Structures are given as structure tokens and as C-alpha cells.
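Under numbering that gives the first Met the number 0, the first residue of the sequence shown carries the number 0, and numbering increases by one thereafter. Even for Gly, the Cβ is constructed at its ideal location relative to N, Cα and C. Because the structure is a prediction, the values reported are computed rather than measured. Worksheet: the structure to be examined is printed underneath.
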Amino acid sequence: MASQRIFQLGLRRAAAAPGFTRFQPAGRMVQRRLAATHNVSSAEGQEILVKQRLQRPVSPHLTIYRPQITWYASSFNRITGILLSGGLYIFGLSYLAAPALGWHLETPSLVAAVASWPVAVKIAAKATAAFPFFFHSINGIRHLTWDLGIGFKNKTVIQTGWTAVGLTVALGAYYTFVG
Numbered sequence: 000m001a002s003q004r005i006f007q008l009g010l011r012r013a014a015a016a017p018g019f020t021r022f023q024p025a026g027r028m029v030q031r032r033l034a035a036t037h038n039v040s041s042a043e044g045q046e047i048l049v050k051q052r053l054q055r056p057v058s059p060h061l062t063i064y065r066p067q068i069t070w071y072a073s074s075f076n077r078i079t080g081i082l083l084s085g086g087l088y089i090f091g092l093s094y095l096a097a098p099a100l101g102w103h104l105e106t107p108s109l110v111a112a113v114a115s116w117p118v119a120v121k122i123a124a125k126a127t128a129a130f131p132f133f134f135h136s137i138n139g140i141r142h143l144t145w146d147l148g149i150g151f152k153n154k155t156v157i158q159t160g161w162t163a164v165g166l167t168v169a170l171g172a173y174y175t176f177v178g
């Protein structure tokens, strides 16, 4: 092991020696260009860096792209994930704090409270929970298939995106009005 290391260091030193040339397998010579360096102060270095940054091209942003289903689906998947998990955390912490604060969040109290709501409020509450839940779930399955390497063609991505939207509407409406 030590002899191998010494051999490698020797090769590196020989390669770094002035006048050393090496050949690529095709027989073409590789040229080396040594960088000219000189010491600069910190302020001068900062000034050089600022000038270099002014010359960099600006990367295109969302404003130059035509919105597509993948763009919307990705955004809404993240938003619905945050809303659903945030709601779960808030309810879970409230449920844990309820006995200490004198709140009644046990099942019979919640059932009685929801039973006293008007029908329109019940439907709105169910829709508010159903549509984000189904969209996030269906789009999550779509992403899991992508993790398996399935469905990466543009046509397939667009079809599955609109399928996720259609299934979300169908399942969300079913759960809201029938379930």
C-alpha cells in the first residue's frame, strides 16, 4: 500500500514538472495553460468579483415559460401538503392541550358541534378538507410512479397531470356531497 502511494506521488510530481507533455489515447497532445497570478488586496479582489458578477448572464425565470400542468400540479402539491400537515399539527397540539385549557375536543363534543352547523357550512368544511386531501394523495401516487422511473414522457406527464385533476374533482365532489 505504501509503495503504491509513493508511485502515485512520483507520477503526480512528474506530471507537474515544467515541459512535461502527455498524450491522449487518440494521440493528440494536451496543452496546459498556467494561470498568471499576483497578490491583490481584499478590496481589489472584491472589486474584481463585482465586475465579474456584472458580466454573468441572467438565468431565465418563471416569467418566460408558458405555464403547464406540471408547473401548477407541483405548486399545488406543495401547498396542499403544507396545508394538510399544518392543519394536522394544529389540531394535534390543540387536542393535547385541551385538558389543560378546559377545551372539549373529545369525539362526542366535536360530533355535537358539527351536527349543529347549517348544511352549507358542513358542505364547505367537507370540501375544504376533501379537495386538498385527494389532490395531494393522487399527485403523491403520481410522484411515486416517477420515483420508479415510470411515466416521464411529456405526453404521459401531461395526461397523468390532467388525470390527477379530474380524479381530484370527482373524488372531492363525491366525498363532499355523498360521503
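With fewer than 16 other CB atoms across the displayed protein chains lying within 10 angstroms of its CB, residue 90 is exposed. Linking residue 56 to residue 41 through their CA atoms gives a straight-line distance of about 25 Å. Put simply, the backbone Cα of residue 178 is about 22 Å away from that of residue 84. If you draw a 10 Å sphere on the C-beta of residue 131, you find 16 or more other C-beta atoms in it, and that means buried. Scanning its chain for C-beta atoms nearer than 6 Å, with the 5 sequence neighbours on each side dropped, one finds around residue 79 the residues 131, 134, 135, in chain order.
Counting the other CB atoms within 10 Å of its CB gives residue 159 a total of 16 or more, which places it among the buried residues. For residue 144, the CB contacts under 6 Å within the same chain, skipping 5 residues up- and downstream, are 150 in chain order. Within the region 111-165, complete beta strand (DSSP E) segments of at least 3 residues are not found at all. In this chain, the alpha helix (DSSP H) harbouring residue 52 covers 41-53. The residue from 3, 139, 167 with its alpha-carbon nearest to that of residue 77 is 139.
Taking a cut-off of 8 Å for Cβ pairs, the region 122-131 and the region 156-173 touch, as three or more such pairs fall below it.
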